[in-house]
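**Q**
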Amino acid sequence: MPKSYRALVGFSCPADPESLKKWKAGKKDQAKLMVVKKGDKVEPFNEDILKSWLANDAVEEVKSNG
Amino acid sequence: MAKYSSKDVGFMLLGSYSVLAAVSSIEDTVTLKLNETYALGEDDESFWSGGAKQTEIVQEGWYDDAVGNLHQAMTDLSTVALPMTIAPFGNAINVVPTSGTEIDIYQSVQRVGYTVQLATSEVTKAQARYGIWYGKKRGKLAAPLATKSAAANTDADDALVSAAQPAGTNGGAMVLHITALTGTPTNVTITLRHSVDGTTYTDKTAFSAFTPANVLAGVASEYKVLSGQINKWVSAAWAYTGGTGPTVTFAVGVYVAP
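Here you go:
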């Protein structure tokens, strides 16, 4: 089951793998951005974006009691 | 070494006003206050310094009297203290140096005098004097003075405040100047964001919300203290409450405490 995360602060980042690829290639004007509000639940679309979220202290893992 | 002159100055903003003159000289004088420490009967005078400095700027030249420019600022603005920011190296990010264009930030500036010497139909020759409270801070341009429309951010610009990550861990300050707000929104809120990798930008601190009336009064501007870590990449996000097709013209600067 994929882990889910909660935004610790409001943040923005590339919206999907294709946009992330364009962002890293310097084609930022062609990349779609996602804007997340503090407290929103978010699921990373790949490992790279999760690493970026964690490096920026943008999210925390949501732990279930079950 | 590259030379920069008056024509290179990107902006000089006091509150919501552009106070960049058509042609002017700017003199910045810093005075260190000394106090007497000798008493009756002592032979020699002696003094000590509490470290308090007073800065005064005198600007003299030809000022465009168009709406929103210095002549209006000096004649209409009340003598409230407002932030002033000067971009001596231009209005573009990451240019001088490439690790973030440097700007001068004055936290609290008060108009203390304005003497009109000659007025024509389009320009006014005058001398403006400003009292400066707190020292000048050398900051970095986080968002150039530009007009923005729908709510969004400047993440894609990759504005830097430092070559190293983090830029600092002892906080600092940020400064905002809004020079225009159209489309009659109730207000606009600008938020400073930062990033360790230039990919994910997180909210650092939001400025107060400003209304169109604040801009008209020349006071849509704020200097706000930042705490904790500031990352090397910064951006600005803007969001409106209400309005029809609103636009906002603003600039944001960041100072990183050593």
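As given, the protein sequences belong to chains A and B, one line each in that order.
Read left to right, the first sequence gives residues 1488 to 1553 (our numbering).
Read left to right, the second sequence gives residues 366 to 623 (our numbering).
Quick reminder that beta carbons are idealized off the backbone N, C-alpha and C, glycines included.
(1) Within the 8 Å Cβ cut-off, does ASP1555/A reach chain B?
(2) Which of the residues in the segment 510-530 of chain B, read from start to end, lie with their CB under 9 Å from any CB of chain A?
(3) Report the residues of the segment 453-483 of chain B with a CB closer than 8 Å to any CB of chain A, ordered along the chain.
(4) Go through its chain and collect everything with a Cβ distance to ALA517/B's Cβ below 8 Å, but skip five positions before and after it.
(5) Is LYS501/B closer than 8 Å to TYR471/B when the C-beta atoms are compared?
(6) Which of the residues in the segment 547-567 of chain B, read from start to end, lie with their CB under 7 Å from any CB of chain A?
(7) Are the C-beta atoms of ALA1512/A and some chain B residue less than 8 Å apart?
(8) Helix, strand or coil for THR396/B, going by three-state DSSP, please let me know.
(9) Listing by chain order, which chain B residues have their CB less than 7 Å from the CB of PHE1498/A?
(10) For a test of the three-state rule: what should DSSP assign to ASP430/B, helix, strand or coil?
(11) Out of curiosity, what's the CA-to-CA distance linking ILE422/B and GLN475/B?
(12) Are the Cβ atoms of HIS542/B and SER381/B separated by less than 8 Å?
(13) Which chain B residues sit within Cβ distance under 7 Å of LYS1515/A?
(14) Give the straight-line distance between the Cα atoms of ALA1494/A and THR567/B, rounded to the nearest whole angstrom.
(15) Sort out for me which residues DSSP pairs HIS542/B with in a bridge.
(16) Which residues in chain B have a C-beta closer than 9 Å to the C-beta of ASN1543/A? List them in chain order.
(17) Determine the DSSP secondary structure at LYS1511/A, reduced to helix, strand or coil.
**A** Judging by the given coordinates:
(1) The first residue shown for chain A is 1488 and the last is 1553, placing residue 1555/A beyond what the model contains.
(2) ALA516, ALA517, ASN518, ASP520, ALA521, ASP522 and ASP523
(3) none
(4) ALA602 and TRP603
(5) yes
(6) SER560, VAL561, ASP562, THR564, THR565, TYR566 and THR567
(7) no
(8) strand
(9) THR565, TYR566, THR567 and ASP568
(10) coil
(11) 10 Å
(12) yes
(13) ALA521
(14) 10 Å
(15) SER586/B and ALA616/B
(16) HIS559, SER560, VAL561, ASP562, THR564, THR565, TYR566, THR567 and ASN596
(17) helix
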